[in-house]
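**Q** Residue numbers (my numbering): 38 to 156.
See the structure below:
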């Protein structure tokens, strides 16, 4: 059975939620200006301590994983562009990153954590 993470509306949660929203916006903006993807990761790591033991921490974990796995696949896609397969890898990565941003941002707007904890 899964337990529901308790959602508490206090100023620290509001601030953490704002930080997570900024990170999702920076990740989305990366499709126009790539450096914002890195800026999003920097914000995640700088603010990570502020969200510890809150439901927002799951969003930070989701965002950090999106950054690292997305970066890995972008690098792999870039390396394999010469062989032609890189285009497919880059397109797949773009779709995956868009999915992760959309799913995470929508969950954040609904005040839901990204992962349900096992009891």
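Don't be surprised by glycine CBs; every beta carbon is placed ideally from N, CA and C.
Only counting the same chain, and skipping five residues up and downstream in sequence, which positions put a Cβ closer than 6 Å to that of residue 85?
**A** 97
**Q** Measure the C-alpha to C-alpha separation of residue 122 and residue 114 and round it to an integer number of angstroms.
**A** 7 Å
**Q** Taking the CB atoms as reference points, tell me whether residue 110 and residue 151 lie closer together than 8 Å.
**A** no
**Q** Rounded to whole angstroms, what is the Cα-Cα separation between residue 103 and residue 119?
**A** 25 Å
**Q** Mapping DSSP to helix, strand and coil, what is residue 149?
**A** coil
**Q** Any idea what DSSP makes of residue 99, helix, strand or coil?
**A** helix
**Q** So what does DSSP say about residue 67, is it helix, strand or coil?
**A** coil
**Q** When we look at the beta-carbon of residue 91 and count the other beta-carbons within 10 Å, is it buried (16 or more) or exposed?
**A** buried
**Q** When we look at the beta-carbon of residue 130 and count the other beta-carbons within 10 Å, is it buried (16 or more) or exposed?
**A** Residue 130 counts as buried, since no fewer than 16 other beta carbons sit within 10 angstroms of its beta carbon.
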